[in-house]
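Report on the following structure.
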Amino acid sequence: MARHFGPYKLSLHSGSDKFSIYPAVMNHTRGLVHLKTAGTSYLEALRTIATLDVEFCSEIYNFSRHHYENDKASYHVSAQLSRAPLPKNVNDWPGLLEQFDAREIFHVTFGSVLTQKTSSGGWEFYDRFMDILRKNPEVYAANLEKHFNRHLQPFLPEE
Numbered sequence: 153m154a155r156h157f158g159p160y161k162l163s164l165h166s167g168s169d170k171f172s173i174y175p176a177v178m179n180h181t182r183g184l185v186h187l188k189t190a191g192t193s194y195l196e197a198l199r200t201i202a203t204l205d206v207e208f209c210s211e212i213y214n215f216s217r218h219h220y221e222n223d224k225a226s227y228h229v230s231a232q233l234s235r236a237p238l239p240k241n242v243n244d245w246p247g248l249l250e251q252f253d254a255r256e257i258f259h260v261t262f263g264s265v266l267t268q269k270t271s272s273g274g275w276e277f278y279d280r281f282m283d284i285l286r287k288n289p290e291v292y293a294a295n296l297e298k299h300f301n302r303h304l305q306p307f308l309p310e311e
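What follows is the structure, given as structure tokens:
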């Protein structure tokens, strides 16, 4: 149907569990696949921030934990706050993005983080967030490159 009426592509929007289905998807669609990586690209921006400004990353994580229960209503997710470390217990902020529950909490709350306003009407996080990325493009680019290589590797022909 996708080939006859398309070309349409199967769109993969799930989290990191999608890696387990890549081989079957590639086999059955013969490569007609769209990978959605915007949310995980946001997480790589957070990895950059976690590397360069631990205090700011902690602020974002604390905010995300407080907004997760509300924000998750529009997602089908399985992360639980009780399984994600409390900010005071995090010693490795870039490594926190490898912890399933914390990663999903960050991911689900990205909209709230980037649109939160202060009482005076300015951005709570957005300006600082973007400023760090703009001032450190090489760090962000390296994180994105590693991220995209991981996502695209299963789609490359085997040698």
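Position 96 (the sequence shown) corresponds to 248 in my numbering; numbering is contiguous.
All residues carry an ideal CB built from backbone N, CA and C; glycine is no exception.
- Query: So histidine 228 is in the alpha helix (DSSP H); what residue range does that whole segment cover?
  - Reply: From DSSP, histidine 228 is part of no alpha helix (DSSP H); its letter is neither H nor E.
- Rounded C-beta distance between tryptophan 245 and valine 291? I'm assuming under 8 Å. That pair is no contact at about 14 Å.
- Buried versus exposed, by CB contacts within 10 Å (16 or more), histidine 259: buried
- Item | Sequence ranges, alpha helix (DSSP H) only - wholly within the region 215-289, length at least 4 | 245-248, 252-260, 262-267, 278-287
- Query: What's the call for tyrosine 220, buried or exposed, on a 16-neighbour Cβ count within 10 Å?
  - Reply: buried
- Taking Cβ positions, are tyrosine 194 and proline 306 nearer each other than 8 Å? no
- For leucine 198, which of helix, strand or coil comes out of DSSP? helix
- Under 6 Å Cβ to Cβ from alanine 254, same chain only, skipping five residues before and after it: list those, please. Ala236, Leu248
- Residue of His218, Cys209, Ser216 minimising C-alpha distance to asparagine 243: Cys209
- Whose C-alpha, out of Lys224, Gly263, Ile212, is nearest the C-alpha of proline 239? Ile212
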